[in-house]
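Asker: Numbering (the working numbering), first residue to last: 882 to 1027.
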């Protein structure tokens, strides 16, 4: 099912909901949660914000230290992400890396999202430095608040 405007948000939402459902189960399939997180992040980078919250939710009764289930989550996420990136880089080359990851750092289309920096970037001349400066607080907030 593809949503209107040609977006695949519904697919990403199903993957994220399946990932959350699997994380809530008290089973030993933590690796599947990591795979689903990597898959959702591969489709759209936004679900990466759930990674830190998932890490702390898994074995939430234990301390902040790395447990076996948390290790499974992290490793399955990293390995799946690497495998997907290698496959797609093989087929699409640098264009894949640019459109998937690098574009979000040097984004120039101020009207694309609901950023608090919208008006600043809209009125300012196009600058890679400004794009980077507005990207850093977003990453910092994601790390702190999740």
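All residues carry an ideal CB built from backbone N, CA and C; glycine is no exception.
So residue 928 and residue 913 are in contact, right, with Cβ under 8 angstroms, and what is the actual spacing, rounded?
Answerer: Contact flag wrong, Cβ pair sits at about 15 angstroms.
Asker: What separation, rounded to the nearest whole angstrom, lies between the Cα atoms of residue 899 and residue 930?
Answerer: Each residue's alpha carbon lies about 16 angstroms from the other.
Asker: How far does the alpha helix (DSSP H) with residue 892 in it reach, from first residue to last?
Answerer: It spans 890-905 - the alpha helix (DSSP H) in which residue 892 sits, taken as one unbroken run.
Asker: Could you pull out every unbroken alpha helix (DSSP H) segment of at least 4 residues lying fully inside the region 906-933, listed in chain order?
Answerer: Segments of the alpha helix (DSSP H) lying fully in the region 906-933: 911-924.
Asker: Counting pairs of beta carbons, one from the region 963-975 and one from the region 936-943, are three or more of them closer than 8 angstroms?
Answerer: Contact fails: fewer than three Cβ-Cβ distances are below 8 angstroms.
Asker: For residue 968, which three-state DSSP category applies?
Answerer: Residue state, collapsed to three classes: helix.
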